[in-house]
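Peer 1: There's a structure below that I have some questions on.
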Amino acid sequence: MKLDPFYPIVDSAAWIERLVPLGVRLVQLRIKDMDEDGLRAEIRKAKAMCARNRCQLIVNDHWRLAIEEGCDFIHLGQEDLQIADLPAIRAAGIRLGLSTHDDAELETAVAAEPHYFALGPVYPTILKKMKWAPQGLERIRAWKDRVAPLPLVAIGGLNPERLDGVFGAGADSAAVVTDITLHADPEGRTREWIEKTHRWR
Numbered sequence: 001m002k003l004d005p006f007y008p009i010v011d012s013a014a015w016i017e018r019l020v021p022l023g024v025r026l027v028q029l030r031i032k033d034m035d036e037d038g039l040r041a042e043i044r045k046a047k048a049m050c051a052r053n054r055c056q057l058i059v060n061d062h063w064r065l066a067i068e069e070g071c072d073f074i075h076l077g078q079e080d081l082q083i084a085d086l087p088a089i090r091a092a093g094i095r096l097g098l099s100t101h102d103d104a105e106l107e108t109a110v111a112a113e114p115h116y117f118a119l120g121p122v123y124p125t126i127l128k129k130m131k132w133a134p135q136g137l138e139r140i141r142a143w144k145d146r147v148a149p150l151p152l153v154a155i156g157g158l159n160p161e162r163l164d165g166v167f168g169a170g171a172d173s174a175a176v177v178t179d180i181t182l183h184a185d186p187e188g189r190t191r192e193w194i195e196k197t198h199r200w201r
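If you want it as structure tokens, here you go:
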């Protein structure tokens, strides 16, 4: 399986409606605090927009809703992985991505047989407090050796200027949150990311 090298992560369908028409081919909807009805509505809007624009939608965490809404890709963190019904996810034909931060988490993820692995934070990040130090490019190389041929997603502190190093170290896709959502011109920054990652497509 191949992932698009540009992997934005956003917290609303409104963001997806803004960014996906610009040429985004892969996006994650990550909503942490919302009631089920609201989540379902957001997933439906995001799914419809992605379908119209030939963009792969990945739903974060909410695997039950993803099954019910006919989504085809989810991403789980390690805590969510512990309580997720992997047989039900597989039975629904849903592909799976998993977060990893250290060796123990990588072993847990490998045992779950996902379709891709994510490693982070590669660089310092302002998105959330992390108990892990920045992983650096050498950890990307080490992780890629262990998970190949499955795709490896790098996340944490990424910007267009760091992409050569990240992809040169072996990452297949670069996930980004705040470099776009907190940018003064999110649409312009998205276009810059698309241009910068085009040669890795």
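Residue numbering for the sequence shown follows the UniProt record's numbering, beginning at 1 and increasing consecutively.
Glycine included, every Cβ here is placed at the ideal spot set by N, Cα and C.
Bear in mind that the values here come from a model prediction, so they are computed numbers and not experimental data.
(1) Could you name the residues of the same chain whose beta carbon sits closer than 7 Å to that of residue 109, not counting the 5 residues immediately before and after it, in chain order?
(2) Can you list, in chain order, the residues of its chain whose CB lies under 6 Å from that of residue 155, leaving out five sequence neighbours each side?
(3) State the start and end residues of the unbroken alpha helix (DSSP H) segment that holds residue 110.
(4) Look at the Cβ atom of residue 19, then the Cβ atom of residue 190, and state whether they are nearer than 7 Å.
(5) State the start and end residues of the unbroken alpha helix (DSSP H) segment that holds residue 87.
(6) Below 8 Å, can you find three or more Cβ-Cβ pairs linking the segment 83–91 to the segment 35–47?
(7) If I measure Cβ to Cβ from residue 113 and keep anything under 7 Å in the same chain, skipping five residues before and after, which residues do I get?
(8) My assumption, with CB atoms under 8 Å, is that residue 12 sits in contact with residue 31. Please give the rounded CB distance.
(9) Using C-beta distances below 7 Å, list every residue in its chain close to residue 78, excluding the 5 sequence neighbours before and after it, in chain order.
(10) What do you reckon, are the CB atoms on residue 125 and residue 157 nearer than 7 Å?
(11) For the ligand FAD, I want to know if residue 66 counts as a neighbour, meaning its beta carbon is within less than 6 Å of at least one of the ligand's heavy atoms.
(12) Distance, Cα to Cα, residue 15 vs residue 23?
(13) Do residue 74 and residue 177 have their CB atoms nearer than 7 Å?
(14) As a quick exercise: from 80, 68, 133, pick the residue whose alpha carbon is nearest that of residue 91.
(15) Starting from residue 149, trace the alpha helix (DSSP H) in both directions and tell me its first and last residue.
(16) Label residue 96 either buried or exposed according to how many other C-beta atoms from any shown protein chain fall within 10 Å of its C-beta, with 16 as the threshold for buried.
(17) When you compare each of 48, 61, 76, 66 to residue 93 by their alpha carbons, which one comes out closest?
(18) Exposed or buried, what is residue 62 when buried is set at 16 or more other beta-carbons lying within 10 Å of its beta-carbon?
(19) Beta strand (DSSP E) containing residue 8: first to last residue?
(20) Below 7 Å between beta carbons: does that hold for residue 151 and residue 172?
Peer 2: A quick look at the data gives this:
(1) 98, 100, 117
(2) 118, 120, 175
(3) Its alpha helix (DSSP H) spans residues 103–111.
(4) Residue 190 is positioned such that its CB atom lies closer than 7 Å to that of residue 19.
(5) Note, residue 87: alpha helix (DSSP H), 86–91.
(6) no
(7) none
(8) 7 Å
(9) 99, 105, 108
(10) yes
(11) Annotation note on the ligand FAD: not contained in the displayed structure, which lists no ligands.
(12) Using only the alpha carbons, I get a separation of about 13 Å.
(13) No. Outside cutoff.
(14) 68
(15) Neither: residue 149 is in no alpha helix (DSSP H) and is coded neither H nor E.
(16) buried
(17) 66
(18) buried
(19) 6–10
(20) yes
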